[in-house]
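Following this note's numbering, the numbering of the sequence shown begins with 185 at its first residue and continues without gaps.
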Amino acid sequence: VRSLNNIGANVKRRHQPVIRANIFKKPLDSTILNKLDDFICTFLDPSPLRPSIDPEHSMSGYFAPAEELPPTACTEVAVEGGGGPLPSCLDGAYIRNGPNPQFVVAEGRRRPYHLFDGDGMLHMIRISGGKATTFCSRFVKTHKHTVERENGSPFVPSTFSSFNGIATSLSRCMLTAARVLTGQFDPLNKGLGAANTSVSLLPGGGGGANLFALSECDLPYEIKVTEEGDIVTLGRHDFRSSISISSNNNNNNNNKKNNNPLLFLNMTAHPKVDEKTGETFAYRCNITRPFLTMFRIDPDGRKQKDVHVHSLKESTIIHDFSVTENFCVFVDTQIVMNPLSVLRGRPPVGVDRAKVPRLGVIGKYAEDDSRMWWTEAPGLNMFHSVNAWEEDGGATIVMVVTNALQVEELFESIGLAQLRLEKITIDVKAQTLQRQPLSTKLLEFGVINLAYAAKKNRYVYAAMIGQKGIDGIVKLDLSLTHKDGHVDCVVASHLYRPGCCGGEPFFVPKEPNNPSADEDDGYLVTFVTDENNGESKFVVMDAKSVTLDIIAAVKLPCRIPSGFHGLFITEAELNKV
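Written out as structure tokens, the structure reads:
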């Protein structure tokens, strides 16, 4: 295994992590299987690779991987206008998750790599007393990460990059089966996900909480922030599902088979916490019937019984969902899963352009899907739910979501696809919906003041999508949607300097315990990387400012690549983990 210095001239040296091969002696069967893997990459994978899986593109620029970094001191930097100390409300930690391959391309071949394939890496900055204390970058030590590190090279098959023609697909399927049979890895019992999508803090019982790194193709991995400012992976977490399933089905023999804990292999990367009850609402998508399964996690962190959605007629990728006081809302998108596609040499995840998307509404505490209803929603391929709430005593549901305009680009674009923010108004009784665009700009990673989760809110903050990535942040005022003919709700924006790429913003309230505080009285935090000099910064923006002014910034001790979702955790919350 070698560093990035030979995969393309466009990968600059400062982006080149040096990954050394495993020094431990491999068993004979592992060595043989690795040779077969080399053969597939060298002779069966197409040449040239399409850009979305060609490491010369997918591992370069903003997406070039980084090395792990133990807790290291940070440096506060001056900003335009003088800047100052970090706001006191930022005492705690900001953690962002994202894909970061631990291995790069080996000599003499170009192993396919898609952005979504990367191992989960957590980047965290610790703040105390108005000062940034440490920064660290750590891999989530998943089963995939561990067995590939022991092997000295990647081998776990990828949904997006492993299946490139019939010969390649069938060969990789047989090779994967051989690795499982020889005990090299155990996907059924230990999972095969990368935990590279999001970070969630979920109630854990006794007033405590659990911190997780998540991806939707596996169970969450529990992580811990140490006193030294490091991140430790505690392990794969099933929310004590075997205990809760047993207790919930003592009098229901028909459900015992459906709720077998062996079937709890994955869950959404976007669970929703009901702050009133302390419950967590989640779901999982399945490749066999039932294709969608809802469930709750009680305030003590125990998974409750499954609610199977039989009215979803095919396996669909549902990346996110909405939860209100009484309802859960799902969108049946054009992104479908078909494992048999592998036999035809195509990835198991694809886009069905002939399919008409649907929106489905089900009771939050439904025991089954008998009262769930669906309505067609042409062109609605929801990617993320920003917020949702009820009006008119529950007769109306309002959602704010990001919608993929060109759904194929979600997988084939090296940067970000064409996504726009929409407001969806659902008439629950009539089972109809109306949609309204909130801006003409391409926007993704919408966030709100979390005190307004599942409540009517006014302000949304989102990342602007440029030609190479996220090039700024905008603020939208949802109250402007009531004005006739108003097509753009953007009321403030901040554009980064040329060559800079940011990520998802996160809103931190200035006075979190003040119920009378203005909804937008707080700060937006995110990481920004400057490709002109290879530097990354943690930036703090004034959410009330009409230009979203950067009021403080911290230079990070290393460059970090683009990522996905992040979370700010207060010191008080960290003490509960």
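For every residue, glycine included, the Cβ atom is placed at its ideal position computed from N, Cα and C. Source: prediction; values computed, not measured.
Where does E240 fall in DSSP's three states?
-> In the structure shown, the three-state DSSP call for E240 is helix.
Simplified DSSP assignment, three categories, for T754 = Secondary structure of T754 (DSSP, three-state): strand.
With C-beta atoms as the reference, is P380 less than 8 Å away from D303?
-> Sequence inspection shows Asn at residue 380; the Pro mentioned does not correspond to that position. The answer is yes: Cβ separation under 8 Å.
Among residues of its own chain, excluding the 5 on either side of F208, which ones have a beta-carbon nearer than 6 Å to its beta-carbon?
-> Since pLDDT at F208 reaches only 40, below the 50 mark, its modelled position is unreliable, and the value read off the structure follows with that caveat. For F208, where only same-chain residues beyond five positions count, there are no Cβ hits under 6 Å.
Sorted by chain position, which residues of the same chain lie with C-beta nearer than 8 Å to I309's C-beta, five sequence neighbours on each side aside?
-> C258, A277, Y278, A316, T318, F319, F722, V738 and L740
Whole runs of the beta strand (DSSP E) within the stretch 382–429, excluding any shorter than 3 residues | 382–389, 392–398, 405–409 and 415–420
Per DSSP, Y278 is paired with what?
-> I309 and F752
Near I350, which residues of its chain fall below 6 Å by C-beta distance, leaving aside the five closest residues on each side in sequence?
-> G529
Nearest-angstrom Cα separation, counted from P531 out to R356 | Answer to the nearest angstrom: the Cα atoms are 12 Å apart.
How far does the alpha helix (DSSP H) with D331 in it reach, from first residue to last?
-> The question names Asp, but residue 331 in the sequence shown is Val. From DSSP, the alpha helix (DSSP H) with V331 extends over H327 to N335.
Whole-Å CB distance - V513 paired with I471, under 8 Å assumed | V513 to I471, Cβ: 23 Å. No contact.
Beta-carbon separation of F711 and G686 under 8 Å?
-> yes
Leaving out five residues before and five after D705 in sequence, what residues of the same chain have Cβ atoms less than 8 Å from its Cβ?
-> P693, K694, E695, A727 and K728
Does the distance from the C-beta atom of N348 to that of C401 stay below 8 Å?
-> no
Could you give the DSSP three-state label for R473: helix, strand or coil?
-> coil
By the 10 Å Cβ neighbour count, where 16 or more other Cβ atoms means buried, how is F690 classified, buried or exposed?
-> buried
In or out: T352 buried (at least 16 other Cβ within 10 Å) or exposed?
-> By the neighbour-count rule (16 or more Cβ atoms within 10 Å), T352 is buried.
Can you give me the Cβ contacts of S382 inside the same chain, cut-off strictly under 6 Å, excluding the 5 residues immediately before and after it?
-> N281, L398, A453 and H749.
Would you tell me roughly how many angstroms separate the C-alpha atoms of E251 and S321, rounded to the nearest one?
-> 8 Å
According to DSSP, is A361 helix, strand or coil?
-> helix
Taking contact to mean at least 3 C-beta pairs separated by less than 8 Å, is the stretch 558–578 in contact with the stretch 503–517?
-> yes
Can you tell which of A646, I735, R480 and T731 has its C-alpha closest to the C-alpha of G547?
-> R480
Give every residue of the same chain whose Cβ lies closer than 6 Å to the Cβ of D672, excluding the five residues on either side of it in the sequence, and list them in chain order.
-> S623 and T624
What does a CB cutoff of less than 6 Å around M478 pick up in its chain, not counting 5 residues either side in sequence?
-> Y467 and V491
DSSP three-state assignment for G462, whether helix, strand or coil | Look at G462 here: in three-state DSSP terms it is coil, with no helix or strand label.
With a Cβ-Cβ cutoff of 8 Å, do D516 and G534 count as a contact?
-> no
Throw me the rounded Cβ distance for the K487 and F423 pair, which I believe falls under 8 Å.
-> 4 Å
Coil, strand or helix - N190 by DSSP = Reliability of the predicted coordinates at N190 is poor, the pLDDT of 36 falling under 50, and the value obtained from them is presented with this limitation in mind. Helix.
Compute the beta-carbon to beta-carbon distance between G375 and L418, rounded to the nearest angstrom, for a pair I have assumed lies under 8 Å.
-> About 15 Å; that fails the 8 Å criterion.
Among M725, A601, G577 and L354, which has the Cα closest to the Cα of Q651?
-> It is A601 whose Cα lies nearest to the Cα of Q651.
In angstroms with no decimal places, state the Cα-to-Cα distance between Q615 and I519.
-> Between Q615 and I519, the alpha-carbon positions lie close to 23 Å from each other.
Which class does K548 belong to by DSSP, given the choice of helix, strand or coil?
-> Coil.
Distance between Y643 and H678 (C-alpha atoms, nearest Å) = In a straight line, the C-alpha of H678 is about 16 Å away from that of Y643.
To the nearest angstrom, report how far apart V331 and L617 are at their CA atoms.
-> 47 Å
So, are the CB atoms of G377 and K325 less than 8 Å apart?
-> Their beta carbons are not under 8 Å apart, which means G377 does not touch K325 by this criterion.
Considering only the beta carbon of each residue, do L385 and P455 sit closer than 8 Å?
-> If you check the CB distance, L385 and P455 do not come in under 8 Å.
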